[in-house]
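Let me begin by presenting the structure, written as structure tokens, before commenting on it.
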Amino acid sequence: MKIKSIAMATLLVLGGASAANAADQGHGKVTFKGAIIEAPCSIAPESIDQTIELGQISNMALADGGKSSPKAFEIALQNCNVSSLTKGVQLTFTGASAAFDEDNKTLGIVGTGSGAGVQITSGNGEVVTINTATPFQQIQDGSNTLQFSAYLKGNGGDVSTITAGEFSSVADFTLSYE
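Numbering-wise (my numbering), the sequence shown opens with residue 6 and increments by one.
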């Protein structure tokens with residue numbers, strides 16, 4: 006009887022020790038964030054912070070104002086309720102314009118590459134003016150997708166004015182509804 010009690014106590018101690026060792030076999034944290042906005046549409050999470058890879062572009066392709074191949078991107082709107090809208094939505098891309106562009110249609114680039122800038126075109130192919138609202142686009146209830154493209158455009162000079170290297174450019178966007 007005494008041996009059974011000792012055996013039982015030993016099993017309980019060993020069982021408790023193995024449970025203590027197995028308690029944490031990995032852990033982490035999940036953070037949920039966002040913003041509540043006063044607007045007829047929600048912006049899809051994948052549209053809020055995008056990176057568009059323009060690729061490795063030859064300096065020869067950018068000479069004399071040449072440009073790279075356009076890369077499509079979109080801004081997706083969800084859960085739209087357009088009952089109070091008469092015109093639709095317009096979008097403004099804001100950012101630093103390229104020094105060589107007096108028309109404000111080219112975003113400047115930063116990095117070791119230079120002599121070019123990023124241009125954005127709307128779904129109908131028109132070059133977007135930076136820091137200026139696009140024309141209104143009609144939208145419908147539910148989901149809507151605003152189509153755009155971007156490409157790298159040379160500064161208009163010959164190849165000697167274009168420096169090879171990495172570059173980046175940032176454009177923020179703001180939606181406005183009427």
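Yeah, the Cβ is synthetic: ideal placement off N, Cα and C, and Gly gets one too.
Every value quoted in this text rests on a predicted model; they were computed, and no experiment measured them.
Beta-ladder partner(s) of Lys72, from DSSP:
Numbered from 1 along the sequence shown, position 67 holds the residue referred to as residue 72. Its beta-bridge partners are Lys158.
According to DSSP, is Asn64 helix, strand or coil?
In the sequence shown, counting from the first residue as 1, residue 64 sits at position 59. Correct three-state label for Asn64: helix.
In the DSSP assignment, find the alpha helix (DSSP H) that holds Ser52 and state where it starts and stops.
Translated into the one-based positions of the sequence shown, residue 52 becomes position 47. Looking at the DSSP string, the run of the alpha helix (DSSP H) that includes Ser52 is Pro50 to Ile53.
Tell me which same chain residues have a C-beta within less than 6 Å of the C-beta of Cys46, skipping the five on either side of it?
Locating residue 46 in the sequence shown gives position 41, where the first residue counts as 1. Once the five neighbours on either side are set aside, the close Cβ partners of Cys46 are Leu82 and Cys85.
According to DSSP, is Val35 helix, strand or coil?
Here the question's residue 35 lines up with position 30 in the sequence shown. If DSSP states are grouped into helix, strand and coil, Val35 belongs with coil.
Could you have a look at Tyr179 and say whether DSSP puts it in helix, strand or coil?
Reading the sequence shown from its first residue, position 174 is the one you call residue 179. Checking the sequence shown, residue 179 turns out to be Thr, not Tyr. Note: Thr179 maps to strand in three-state DSSP.
Report the rounded CA-to-CA distance for Phe178 versus Met65, giving the unit in angstroms.
Here residue 178 refers to the residue found at position 173 of the sequence shown. Here residue 65 refers to the residue found at position 60 of the sequence shown. Each residue's alpha carbon lies about 31 Å from the other.
How should Ala169 be labelled, buried or exposed, when 16 other C-beta atoms within 10 angstroms of its C-beta is the threshold for buried?
Looking up residue 169 in the sequence shown gives position 164. Counting Cβ neighbours within 10 Å, Ala169 comes out exposed, since fewer than 16 surround it.
Please check the pair Ser154 and Thr126, which I expect to be a contact at CB under 8 Å, by giving their CB distance rounded to whole angstroms.
Looking up residue 154 in the sequence shown gives position 149. Looking up residue 126 in the sequence shown gives position 121. So it is a contact: roughly 5 Å between Cβ atoms.
C-beta contact flag for Lys76 and Ala121 at 9 Å:
Numbered from 1 along the sequence shown, position 71 holds the residue referred to as residue 76. Numbered from 1 along the sequence shown, position 116 holds the residue referred to as residue 121. Against a cut-off of 9 Å, the Cβ pair of Ala121 and Lys76 comes out as no contact.
Could you tell me the distance, in whole angstroms, from the CA atom of Gly60 to the CA atom of Ala28?
Reading the sequence shown from its first residue, position 55 is the one you call residue 60. Reading the sequence shown from its first residue, position 23 is the one you call residue 28. Going from the Cα of Gly60 to the Cα of Ala28 covers about 47 Å.
Taking buried to mean at least 16 other C-beta atoms within 10 Å of its own C-beta, is Ile42 buried or exposed?
Looking up residue 42 in the sequence shown gives position 37. Classification of Ile42: exposed, given that the 10 Å Cβ count is below 16.
In whole angstroms, what is the alpha-carbon distance linking Asn129 and Asp108?
The count along the sequence shown starts at 1 and reaches residue 129 at position 124. The count along the sequence shown starts at 1 and reaches residue 108 at position 103. Computed Cα separation, rounded: 19 Å.
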